[in-house]
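If you want the working numbering, it's the position in the sequence shown, counting the first as 1, plus 789.
All residues carry an ideal CB built from backbone N, CA and C; glycine is no exception.
Remember, it's a predicted structure, so these values are computed and weren't measured experimentally.
Heads up, the thing below is written out as structure tokens.
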Amino acid sequence: MDLSTIYSGINSRELIISVFGLGRIGLPTALMFTRAKYHVIGVDIDEALLIDLRNKNTFIDEPGLVDLLEDAIENNLIEFTSDFSHAITHSNIMIICVPTPVSENKVPDYRAIKDVTQKIGNQLFQGQIVICESSISPTTIRDLIIPILEENSRLQLNVNFGVCSCPERADPGKIIANFDKVTRIVGGSSQEIGEAIVTLYKSITNADIIQLSTPGTANAVKLTENIFRDVNIALINELAVLYEKLGIDVKEVIRGASTKYNFQPHYPGPGVGGPCLPANPYYIIQDADKMDYIPFLIRVAREVNDRMPAYTLDLITDALNYVGKSIKDTKITVLGLSYKANVRDIQISPSIKVAKMLKEKNAIITIWDPYYMGESLEELQIAETSQEVFKETDCIVLLTDHKEFKDIHFEEILNNRDNENPLVFVDSRNVYDPENLPKGIVYCGVGRKIKET
């Protein structure tokens, strides 16, 4: 395959890049190319989203993103369309950034990948390269994407067109800030095509770009990173549950273990959320099933982490029972619905699961999350201001460790209560140490026994 047009287009910035899927990964990716002065065609099926983007608005709460969007539009470096045909026939490089969720049955859903690939294959022409940044299994490019492209286009891989994997390694909330810092990995359908895409990505970022042998290897790297974290979080969650029963403080254990040079600390909590960690293990599990292999550890880790919202509910129940109360009809303040700290994102959030369980148990819940003020999410209403959430509360449940929750004014809350019962505080992220809290609180955390302050 002749790559001279690709290299000359990189040098001249005359390459045209299409990005399919303009969500949390696709839009920042598109705008990083416009930052480097490439012309980009952004493609999405959501017409309302496209209208917002043309008006310089985005639902994605990502620092620096709006500035990049405004700059790209003002300099005519980006266009937004739902016309796949236009994008495919006017592009040299096509980047797939569509979602790949996991179904309720824990099976990866590649319908969006398949649909985009079919559309590209129908109009693929000589010299184009297709890049997949979406999270997929190691075999998906080999067994799904390449066969569709070849069959629909009647072209031959590495002779007429190329395919690469460059899986996203983004951290929501820091995508723009980390773009020039986090190493990218590229696996091409041939050595030469991989080298060309390494050159392309080097033209848009100061981060290192590492070339791997195949697209499947690149995808395996991405999944290994996230499965490593998921398994280790499951391990500390498992130990936390046990240590709490043994009367041992898991936070103290982690602090002590961290003095060993080769210990990598992970922290327990109410569960694991987000678009990647709860889903990525199932991509590997599906590939393992094809090989008649059972990845026991990966499966069990998922089960452990999936049980943590229920364990958190048990903590709340036990802490309330300690002061003679039950969940039913108790005024409970829930802090945080996002799946992790300091982001506006509730994808597969364990906090949502715990809040819903409290509601099902007929608790009187008030929810505060500074990233969703006054909104209604999945039948959960969030308060408009923080001032109303602590009034006459019996119990505070911290589910997401937003920075705003790391300096709760407990003295003020206690002084404004008419209730003589102790204030119950369930700290599912172990943000606080009970020794530093004022008197009048019954504290418990994940892997930490109930303690009166």
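Rounded straight-line distance, which links the Cα of K1228 to that of A1029: 25 Å
When we look at the beta-carbon of D1089 and count the other beta-carbons within 10 Å, is it buried (16 or more) or exposed? Strictly speaking, residue 1089 in this sequence is Val, with Asp absent from that position. Exposed, by the Cβ-count rule.
Limits of the alpha helix (DSSP H) - the one that E1092 falls within: F1085 to Y1111
Report the option in P1059, G812 and N865 whose CA atom is closest to the CA atom of D833. G812
Whose CA, out of T794, D1019 and I867, lies closest to the CA of L816? I867
Contiguous beta strand (DSSP E) assignments of at least 3 residues, all confined to the segment 883-961: 918-921 and 951-954
Span of the alpha helix (DSSP H), counted from its first residue to its last, around R1133: Neither: R1133 is in no alpha helix (DSSP H) and is coded neither H nor E.
Is the beta carbon of I999 sitting closer than 7 Å to the one on T972? yes
Can you round the beta-carbon distance between Q935 and V948 to whole angstroms, since I take them to be within the 8 Å contact cut? Before going on, a small fix: residue 935 reads as Ile here, not Gln. With a Cβ gap of about 13 Å, I935 and V948 do not count as contacting.
Extent of the continuous beta strand (DSSP E) run through I974: R973 to G977
Report the option in K1079, S1115, D1118 and L1187 whose CA atom is closest to the CA atom of S1143. Rather than Ser, the amino acid found at residue 1143 in this sequence is Val. That would be L1187, whose Cα lies nearest to the Cα of V1143.
C-beta contact flag for S978 and S880 at 7 Å: no
Which residues mark the beginning and the end of the beta strand (DSSP E) in which L1124 is found? K1120 to L1124
I862 to A966 span [Cα, whole Å]: 21 Å
Considering only the alpha carbon of each residue, which of V1220, C955, I877 and V1213 lies closest to I1239? V1213
Y1161 - containing alpha helix (DSSP H), residue span: Taken as a continuous stretch (DSSP letters only), Y1161 belongs to no alpha helix (DSSP H), as it is neither H nor E.
Among the residues of its own chain, which have a CB less than 8 Å from the CB of K1192, if the five just before and after it don't count? A1130 and N1131
From V798 to A876, what does the alpha carbon distance come to, in whole angstroms? It should be pointed out that residue 798 corresponds to Gly in this sequence rather than to Val. The straight-line gap from Cα to Cα measures roughly 17 Å.
With contact counted as at least three CB pairs below 8 Å, one residue from each stretch, are the segment 1100-1108 and the segment 1166-1174 in contact? no
Tell me where the beta strand (DSSP E) around I1206 begins and ends. At residue 1206 the sequence reads Arg, which differs from the Ile that was named. Taken as a continuous stretch (DSSP letters only), R1206 belongs to no beta strand (DSSP E), as it is neither H nor E.
Option in N911, Y827 and I882 with minimal Cα separation from Q917: I882
Let me check understanding here. Comparing Cα to Cα, which of K1148, L1066, Y827 and S1217 lies closest to K1195? S1217
Quick check on E1241: does DSSP put it in helix, strand or coil? strand
Unbroken beta strand (DSSP E) run spanning L1212, endpoints: L1212 to D1216
In the structure shown, what three-state DSSP assignment does S1175 receive? helix
Check T1048 in the structure and name its three-state DSSP category. coil
Cut-off 8 Å between Cβ atoms - residues of its own chain near E939, not counting five sequence neighbours on either side: G910, Q945 and L946
7 Å Cβ cutoff met for F869 and L839: yes
So V987 is in the alpha helix (DSSP H); what residue range does that whole segment cover? Q980 to K991
Just to confirm, is the Cβ distance from I1025 to H1055 under 7 Å? yes
Indicate whether A985 and L792 have their beta-carbon atoms separated by less than 7 Å. yes
Bridge-paired residues (DSSP) for I1153: K1120
Whole angstroms is fine: what's the gap from M1097's alpha carbon to D841's? 38 Å
I want to know whether the segment 1144-1161 touches the segment 1111-1131 - three or more CB-CB distances under 8 Å. yes
Counting Cβ pairs closer than 8 Å, one from the segment 842-853 and one from the segment 885-897, do we hit at least three? no
Proximity below 7 Å, CB of F809 to CB of I925: no
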